[in-house]
Amino acid sequence: MRITFTLNGEARTLETDGDQPLLWVLRDELDLKGTKFGCGRAACGACTVHVDGDAVRSCSFPARYLEGRVVTTLEGLGTPEAPHPVQQAWIEEIVPQCGYCQPGFIMATAALLAKNASPTDDDIDRNIVNVCRCGTYVRMRRAIHRAAELTRAAAPAPDPATSAPDEAAEAAHPDAPEADR
Amino acid sequence: MRAQPQCTTRGSSGARPPATRRGQNPPVASRRPDPTTVRRRVGTTALLLLAAAASSAAQESPADPHGAGHHGAPEGAEAPRELTPAERAEAEAAFHTMMEALTSPRCVNCHPNDGVPKQTDAARAHLFGVAGSDDLHGYDALRCNACHQASNDGWSGVPGAPGWSLAPASMAWEGLDRRAIARSMMDPAKNGGRSADDILHHLTEHELVLWAWEPGGDGEGRPRTPPPVPLETYRAAVRTWIAAGAPIPEARAADAPGSDAPDSPAEPSGDAP
């Protein structure tokens, strides 16, 4: 079947079997090897990519559902010159050991931080359930918190004209208690 | 993120390895998903007529909150009309046929009482510590559709249907007996404000409900167990039961979930004094 979708910011059209998992579309048909095959059963998370911003296990995502969707893979997350905050944190914390599962963790973490830039350890436990056979979980947790810091730091400063005007006004109000000023 | 992966045994037991890598897959015909996306539908007109008949009949008959012969109507459902003994027997048989299906793991697994979806016929907790979250569709980076798409996936063995999600907590069926499930199902305060007609449509037409009869196979290619009642038999039973006013028959010891207790302790019988 003929499928048109957006991949890492570029429109792509291809002919493929609609049952073909997105994982193999990416790796074998589009030669994007950053997305890894792990278990093939949506259990380990090594194949995680983003579809319309959501983390998706590409081994269980049939190509027929790609039509009109927006897909981001590890290759589209950042660049060596301008890494995504998650990639930057992964480098800073020297997370990988063998490294095979890391793209999936990075993509899952990026999806989490896009919706929750201040995840707690519980949030991380609930959301990041990928499997790392090297057991780099401790370093990954540190890196996720670091990536959250970088994400918050990179976020544009709130515009006082459009954000929380009441709060700003109250803080500036001359009648506000001194402790609040 | 958990330091103890919960799903590390797959493919490591000496059984055949995951058949998902290219070149290692079984023949296309055997790995293709079951044709779950196209389902036969009965005529909506017929359903509406049946529901209308039930509604009309209920309006024409004096309300009997407890029903004749201890047969009670679920809260919020149309009050049942006076049924003849034959009609009552037919409605009771339909109720139990319907419940044979609705109490199967394919249905109850996604109507948990603890927010945790269940898996397999053993109804064990979903892998990865998955729970429903506030919107019943998972967490920020672990939505249900991270793995479950709109149809069963023949490659990974991951089941799927449109709108894959948990039932709301108000519709928890896990641990309830048939009568309590019926009361919950027909109670607008618990069922999302659905009318009897809405419930008829939900039970007989909704794609996520009908998935139970085409549940596909698991990652090892083993078919999942569908409900023990054929789909058309189930649909006919639902129509019959709702057309009769959705009467809930007296408790039977055999209907209790996983035991022979006469009724669910979590949901006392509405017929109890």
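Protein chains in written order, with this note's numbering: chain A, 3 to 183; chain B, 8 to 280.
Yeah, the Cβ is synthetic: ideal placement off N, Cα and C, and Gly gets one too.
Here the structure is a predicted model, which is why all the values come from computation and not from measurement.
(message) Which same chain residues end up closer than 7 angstroms to A:G11 when comparing Cβ atoms and leaving out the 5 residues on each side of it in sequence?
(response) Excluding its 5 nearest sequence neighbours in each direction, A:G11 has C-beta neighbours in its own chain below 7 angstroms: G78, listed in chain order.
- Beta-carbon separation of A:T15 and A:R29 under 9 angstroms? no
### Query
What number of angstroms, rounded off, separates the C-alpha of A:A110 from the C-alpha of B:S177?
One alpha carbon belongs to A:A110, the other to B:S177, and they sit about 31 angstroms apart.
- Query: Is A:Y102 close to chain B, meaning its C-beta is less than 9 angstroms from at least one C-beta of that chain?
  - Reply: With its beta carbon at least 9 angstroms from every one in chain B, A:Y102 lies outside the interface.
Checklist entry - So the beta strand (DSSP E) A:A13 belongs to, where does it begin and stop? => result 12-17
Less than 9 angstroms between CB atoms is the rule here; does A:F7 satisfy it with respect to chain B?
no
**Request:** Determine the chain B residues that contact A:A110 at a beta-carbon separation under 7 angstroms, and present them in chain order.
**Result:** Neighbours of A:A110 on chain B, chain order: A148.
- Let me know the secondary structure DSSP gives B:H208 once reduced to three states. helix
Would you call B:S155 buried or exposed, if buried means 16 or more other Cβ atoms sit within 10 Å of its Cβ?
-> A small fix is needed here, since residue 155 of chain B is His in this sequence, not Ser. When all chains shown are included, B:H155 counts as buried.
(request) On the DSSP bridge assignment, give the partners of A:H52 in chain order. (result) A:A57, A:T74
Discussion item. Within a Cβ cutoff of 8 angstroms, which residues of the same chain sit near A:D21, ignoring the five residues on either side of it in sequence?
Written reply: Leaving aside the five residues that flank A:D21 on each side, the residues in its chain whose CB is nearer than 8 angstroms to its CB run, in chain order, P64, A65, R66.
> Closer than 9 angstroms, CB to CB, is A:P64 near chain B or not?
Replying inline: For A:P64, the closest Cβ of chain B is nearer than 9 angstroms.
One question on the structure: do A:E209 and A:R148 come within less than 9 angstroms of each other, judged by their Cβ atoms?
Absent from the structure is residue 209 of chain A, since the part of chain A shown begins at 3 and ends at 183.
Open item on the list: Whole angstroms are fine: how far does the CA of A:W92 sit from the CA of A:A45?
Closed with: 22 angstroms
Could you tell me the distance, in whole angstroms, from the CA atom of A:Y102 to the CA atom of A:T50? For A:Y102 and A:T50, the distance between alpha carbons rounds to 12 angstroms.
*Tell me where the beta strand (DSSP E) around A:I5 begins and ends.*
4-9
Bridge partners for A:P23 per DSSP, in chain order? A:P64
Practice item. Output, in chain order, the set of chain B residues within a Cβ distance shorter than 8 angstroms of A:K117. Key: D147, A148
According to DSSP, simplified to helix, strand and coil, what is B:L134?
helix
Using 10 angstroms around the beta-carbon of B:H3, count the other beta-carbons present and answer buried if the total reaches 16, otherwise exposed. In the structure as shown, chain B begins at 8 and stops at 280. Residue 3 of chain B is therefore absent and cannot be evaluated.
| Terminal residues of the continuous alpha helix (DSSP H) containing A:D127? | 123-129
Practice problem: Consult DSSP for A:Y139 and reduce its assignment to one of helix, strand or coil. | Solution: In the structure shown, A:Y139 sits in a helix (DSSP, three-state: H, G or I).
In the DSSP assignment, find the unbroken alpha helix (DSSP H) run with A:K117 in it and report its ends.
104-117 is the extent of the alpha helix (DSSP H) around A:K117.
Cα separation between A:D19 and B:A189? About 43 angstroms.
Against A:I96, what residues of chain B qualify as contacts under a CB-to-CB distance less than 8 angstroms, listed in chain order? Per Cβ cutoff of 8 angstroms: no residues; A:I96 is ~17 angstroms from chain B at best.
Closest to B:L143 by CA distance: which of B:S163, B:A100, B:C117 is it?
When each option's Cα is compared against that of B:L143, the closest is B:C117.
Report task. Go ahead and pull the three-state DSSP assignment for B:R231. Result -> coil
Beta-carbon separation (whole angstroms), B:V245 vs B:M105, contact threshold 8 angstroms: The C-beta distance from B:V245 to B:M105 rounds to 5 angstroms, short enough to meet the 8 angstroms contact threshold.
Cβ separation of A:A113 and B:A148, assumed to be a contact under 8 angstroms, to the nearest whole Å: 4 angstroms
- request: Could you run through the stretch 151-170 of chain B and flag, in chain order, every residue whose CB is less than 9 angstroms away from some CB of chain A?
  value: N152, A153, C154, H155, Q156, A157, S158, D160, G161, W162, S163, G164, V165, G167
* Asked: Using a C-beta cutoff of 9 angstroms, does B:V123 count as contacting chain A?
  -> Using a Cβ-Cβ cut-off of 9 angstroms, B:V123 does not count as an interface residue toward chain A, since no Cβ of chain A sits closer than that to its own.
Item to complete: Go ahead and pull the three-state DSSP assignment for A:Q89.
Response: In the three-state DSSP reduction, A:Q89 falls in the helix class (H, G or I).
task = If I'm right that A:A119 touches A:A150 with Cβ under 8 angstroms, what's the distance once you round it to whole angstroms?
result = The C-beta distance from A:A119 to A:A150 rounds to 6 angstroms, short enough to fall under 8 angstroms.
- Would you list the one or two residues that DSSP bridges to B:G145? Residue pairing by DSSP places B:G145 opposite B:R150 in a beta bridge.
Under 9 angstroms (Cβ pairs) to chain B, residues found in the stretch 42-65 of chain A: G42, R43, A44, A45, C46, G47, T50, V53, D56, A57, V58, R59, C61, S62, F63, P64
Return the residue from the list A:R59, A:T6, A:M142, A:I108 that minimises the CA-CA distance to A:V72. A:T6
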